[in-house]
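Okay, structure first, notes after.
There are 2 protein chains.
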Amino acid sequence: MGVSLKDIAQRAGVSLATVSNVVNGYRPVGEQTRRRVQQAIDELGYTPNLSARHLRRGRTGIIALAIPELNNPYFAELADAAIREAAGLGYTLVMESSGADRDLELLLLDGSRRHIIDGLIFSPVRITRDDVLARTGTVPLVLIGEGVYDVPHDHIAIDNVAASRVVVEHLLALGRRRIAFIGAGAGQDRQSAQLRLRGYREALAAAGLPVDAELVVATEQFGRRDGLLAMRRLLALDTPPDAVFGYNDLVAIGAVRAIGEAGRRVPEDIAVAGIDDIEEGRFSTPTLTTIAPDKEHIGRFAVQRLVALIEGAPLAPPADLHLPFRLEVRESTGPLGDRHRAVG
Amino acid sequence: MGVSLKDIAQRAGVSLATVSNVVNGYRPVGEQTRRRVQQAIDELGYTPNLSARHLRRGRTGIIALAIPELNNPYFAELADAAIREAAGLGYTLVMESSGADRDLELLLLDGSRRHIIDGLIFSPVRITRDDVLARTGTVPLVLIGEGVYDVPHDHIAIDNVAASRVVVEHLLALGRRRIAFIGAGAGQDRQSAQLRLRGYREALAAAGLPVDAELVVATEQFGRRDGLLAMRRLLALDTPPDAVFGYNDLVAIGAVRAIGEAGRRVPEDIAVAGIDDIEEGRFSTPTLTTIAPDKEHIGRFAVQRLVALIEGAPLAPPADLHLPFRLEVRESTGPLGDRHRAVG
DNA sequence: TTGAAAGCGCTAACAT
DNA sequence: ATGTTAGCGCTTTCAA
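If you read the sequences in order, they're chains W and B. Numbering follows numbering that gives the first Met the number 0, in which position 289 of the first sequence is assigned residue number 288; successive positions increment by one, without gaps. Numbering follows numbering that gives the first Met the number 0, in which position 60 of the second sequence is assigned residue number 59; successive positions increment by one, without gaps.
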């Protein structure tokens, strides 16, 4: 074991409590004493034993960020911001993957790690509002993403229905009329898929267009491969779409690949757009039109709310926060002839 | 506070030690007793308080994976494997980012979190062999990647010189003669950049070709944008290259983008290859030729070695492990006319 | 302004 | 096979 408070106390000729107060600043310490203690700390190279502190305080200083897929770049970028914010507030953030599995999500919700984490930032995709209401776990909880609404917890997300509408309106403004949606979710209640699908439907309805069921493709997951496979099915239709809206950027990128493999061009033959604004889409060929949520903001804000909750700061009641987003029009829906404008 | 061992002991009418033994299995417990204790545990919903356990044991059950950039997909894919392996062995893995900063790396090396982590898997890029030899930290350490060699720690990596040679030999076999290298590292000692550059040089030398200094481009970082900017400089040369080898897949993808923006084609005009085999390169247009290290293997193996070290298992002395890799030839260097073969 | 001491929940050495 | 108990390092109440 390393250097402990007791070692410092002995060295400085003071009591344990005094050293603790120099370290934590809970109550005033005389200037003389403080100096002696600080010197001992420096000489011996003391750092607090966190396990002991946590045992005593009943807190661990660890918060978790639970997301469906670890290697979805959207979450990686979000996590990056969250980790930095957490570190700045004296917390360590650990990432947990639910694998988009309902049972695992329920476990996380009920505090599978309740003794190791002080709080949870959760991006659920399979559980429902009722699951959250019925939860027995008590660790502070902040929800992100569009999984669940109307629950007594902080909830940070963009308005997915509105975002989807903006994308589809953009495609309509380009003159596209057979607009497909990839990623409707395969039977399970991926709530965010429902919301994005709803925005898609609303935009079509507002334009007086019918929703053609064969243009709405469900997928098992929401990765590149899922987008690719779904797009192949769309290309096999008698009348393929002239535009595709992907559930997220990964799905859209998979669709772009499938279109190229079929010898068609994006955007000339088929325009493609996604949601998330992952960096990949800013360098792909063609670059990808997308909805850009402020990931940095979401990540930092979620951590701030959670830490406030943990530390019992007086704060506003649970809020449903809709952060702004913007449409990034790039080559995959750009006007023709606009290919290969320099990026970066 | 929640339910403690004492609560269970009272409920089951046994001693603390017995409950502890039911939970941990350190010594045998009678069948009758075990059943009663287990029932109490189930009824009261007991879970061990990890802070207490850690305080007592002197270990935290947390290991760290320190990498240069959190949102480099290569590391995300590696981390995914490592996190699963760690969980399987009863450890929680936290990710730390060094930001490829030398001071931060030194801090990590000397145990900036010594009280919170039991061990460290470290992928350094700026520190040197001497830094590692001089380290004062004592937490068990496993090195991954090509940052440092010949130090008394486990070290897991692919042979970067050999891998680079394979890539360049492949480009040579395609008949390319002006082969550029992007990502030589800008002055700082990014050891892995040196190694990959060495492989590049060796392959050219073996083919009896000179190394043209203007075809070797240093970059600040190793992301998509760096590849893009470097490639623009190469395209501005009097005689641009007919092939490009990127330090990693991200750099290569940036280069592909720059080539397209300049109105040239990959691979017809310029062939491009990288290292890492990130999923992005399997769906990009064109798909990216690359070196595929076994990320799953590296991640799991690093965790296994580290945990063995932590738990003091008798094990072989520190080893320098070179894991196998293979060349994945895809469209970006494929024979002409091979575009858009179906992937997936 | 400072000190003494209890006790957070657990494990492991020592007893029985 | 089971029980008793010391003590990991820290924070915090009560006293001085």
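For each residue, glycine too, the CB sits at the ideal point set by N, CA and C. Note that the structure is predicted; figures quoted are calculated from it, not measured.
Closest residue to residue i among the options (Cα-Cα distance)
i: Asp-109 (chain B); options: B:Ala-85, B:Gly-87, B:Thr-137, B:Ser-97; result: B:Thr-137
i: Val-243 (chain B); options: B:Ile-61, B:Asp-237, B:Val-216, B:Arg-224; result: B:Val-216
i: Asp-100 (chain W); options: W:Ala-65, W:Tyr-90, W:Arg-134; result: W:Ala-65
i: Ala-161 (chain W); options: W:Gly-262, W:Leu-15, W:Pro-323; result: W:Pro-323
i: Gln-303 (chain W); options: W:Leu-203, W:Arg-223, W:Val-147, W:Ile-82; result: W:Ile-82
i: Leu-132 (chain W); options: W:Ala-204, W:Leu-49, W:Pro-151; result: W:Pro-151
i: Arg-264 (chain W); options: W:Ser-331, W:Leu-214, W:Leu-103, W:Glu-219; result: W:Ser-331
i: Leu-326 (chain W); options: W:Val-167, W:Gly-259, W:Glu-267, W:Gly-98; result: W:Val-167
i: Pro-239 (chain B); options: B:Gly-57, B:Ala-270, B:Asp-149, B:Ala-86; result: B:Ala-270
i: Leu-103 (chain B); options: B:His-114, B:Ala-86, B:Asp-130, B:Leu-4; result: B:Asp-130
i: Leu-228 (chain W); options: W:Ala-11, W:Glu-84, W:Gly-182, W:Leu-69; result: W:Gly-182
i: His-169 (chain B); options: B:Ile-252, B:Ile-309, B:Thr-288; result: B:Thr-288
i: Ala-206 (chain W); options: W:Arg-329, W:Arg-176, W:Arg-56, W:Ala-272; result: W:Arg-176
i: Thr-286 (chain B); options: B:Thr-135, B:Leu-69, B:Val-328; result: B:Val-328
i: Val-250 (chain B); options: B:Pro-209, B:Phe-221, B:Pro-123; result: B:Phe-221
i: Leu-236 (chain B); options: B:Glu-213, B:Thr-218, B:Asp-149; result: B:Glu-213
i: Ala-185 (chain B); options: B:Pro-209, B:Arg-134, B:Glu-201, B:Glu-219; result: B:Glu-219
i: Gly-98 (chain B); options: B:Ala-75, B:Ser-111, B:Asn-70, B:Ala-80; result: B:Asn-70
i: Leu-253 (chain B); options: B:Asp-241, B:Arg-223, B:Asp-275; result: Here residue 253 (chain B) is Gly; the residue named in the question, Leu, does not match the sequence. Here the closest residue by C-alpha is B:Arg-223.
Sequence-distant residues of the same chain with beta carbon closer than 6 Å to residue i, five excluded per side
i: Arg-231 (chain B); result: Ala-257
i: Ser-163 (chain B); result: Arg-195, Gly-198, Tyr-199
i: Tyr-90 (chain B); result: Gly-60, Ile-62
i: Ile-277 (chain W); result: Pro-72, Tyr-73, Asp-248
i: Ala-312 (chain B); result: none
i: Ala-272 (chain B); result: Val-166, Phe-244, Thr-288, Thr-332
i: Val-255 (chain B); result: Val-265, Val-271
i: Glu-84 (chain B); result: Arg-299, Val-302
i: Ala-11 (chain W); result: Arg-35, Val-36, Ala-39
Close Cβ partners of residue i (< 8 Å) along its chain, the five nearest in sequence each way excluded
i: His-345 (chain B); result: Residue coverage of chain B in this structure runs from 0 to 343, which leaves residue 345 (chain B) outside it and unanswerable.
i: Ala-78 (chain B); result: Leu-64, Ile-66, Leu-92, Met-94, Gly-298
i: Gln-37 (chain W); result: Val-21
i: Val-28 (chain W); result: Thr-17, Asn-20, Val-21, Val-36
i: Val-13 (chain W); result: Thr-32, Arg-35, Val-36
i: Lys-5 (chain B); result: Leu-15
Straight-line Cα distance separating residue j from residue i
i: Phe-282 (chain B); j: Pro-317 (chain W); result: 41 Å
i: Ile-290 (chain B); j: Glu-279 (chain W); result: 20 Å
i: Thr-127 (chain B); j: Ser-96 (chain B); result: 18 Å
i: Ala-51 (chain W); j: Leu-15 (chain W); result: 14 Å
i: Asn-23 (chain W); j: Ile-178 (chain B); result: 59 Å
i: Ala-172 (chain W); j: Leu-203 (chain W); result: 12 Å
i: Tyr-246 (chain B); j: Gly-1 (chain W); result: 42 Å
i: Tyr-25 (chain B); j: His-53 (chain W); result: 25 Å
i: Asp-268 (chain B); j: Asp-225 (chain B); result: 21 Å
i: Gln-190 (chain B); j: Glu-145 (chain B); result: 7 Å
i: Thr-284 (chain B); j: Asp-211 (chain W); result: 30 Å
i: His-114 (chain B); j: Gly-87 (chain W); result: 18 Å
i: Ile-309 (chain W); j: Ser-3 (chain B); result: 22 Å
i: Pro-47 (chain B); j: Asn-48 (chain W); result: 19 Å
i: Val-124 (chain B); j: Glu-68 (chain W); result: 27 Å
i: Arg-56 (chain B); j: Ser-122 (chain B); result: 28 Å
i: Asp-153 (chain W); j: Ala-307 (chain W); result: 11 Å
Cut-off 7 Å between Cβ atoms - residues of its own chain near residue i, not counting five sequence neighbours on either side
i: Leu-305 (chain B); result: Ile-62, Gly-118, Ile-120, Pro-139, Val-141
i: Ile-7 (chain W); result: Val-18, Val-36, Ala-39, Ile-40, Leu-43, Tyr-45
i: Ala-261 (chain W); result: Leu-234
i: Leu-105 (chain B); result: Ile-126, Asp-130
* Return the residues of the segment 282-316 of chain W that lie within a Cβ-Cβ distance of less than 9 Å from chain B, sorted by chain order. => Phe-282, Ser-283, Thr-284, Pro-285, Thr-286
* When Cβ atoms are compared, which residues of the segment 23-51 of chain B fall closer than 9 Å to chain W? -> Gly-44, Thr-46, Pro-47, Asn-48, Leu-49, Ser-50, Ala-51
* Asked: What residues in the segment 121-136 of chain W bring their beta carbon closer than 7 Å to a beta carbon of chain B?
  -> none
* Can you check the segment 93-149 of chain B for any alpha helix (DSSP H) of at least 4 residues that lies completely inside it and give the ranges in chain order? => 101-108, 128-132
* Output, in sequence order along the chain, the residues in the segment 84-103 of chain B whose CB is closer than 8 Å to any CB in chain W. => Thr-91, Leu-92, Val-93, Met-94, Ser-96
* Mind checking the segment 53-70 of chain B against chain W and listing, in chain order, the residues whose C-beta falls within less than 7 Å of any C-beta there? => His-53, Leu-54, Gly-57, Thr-59, Leu-69, Asn-70
* Which of the residues in the segment 193-220 of chain B, read from start to end, lie with their CB under 7 Å from any CB of chain W? -> none
* Which runs of the beta strand (DSSP E) spanning at least 3 residues fall entirely within the segment 153-199 of chain B, listed in chain order? -> 153-157, 178-181
* Check each residue of the segment 173-186 of chain B: if its Cβ is closer than 8 Å to any Cβ of chain W, include it; give the result in chain order. => none
* Asked: Going along the segment 234-258 of chain B in order, which residues come within less than 8 Å of chain W, judged by CB to CB distance?
  -> Ile-252, Gly-253, Val-255, Arg-256
* To do: Run through the segment 189-266 of chain W for me and flag every whole beta strand (DSSP E) of 3 or more residues, listed as ranges in chain order.
  => 242-245
* **Completely contained alpha helix (DSSP H) runs for the segment 261-311 of chain B, where each covers 4 or more residues** => 279-282, 294-309
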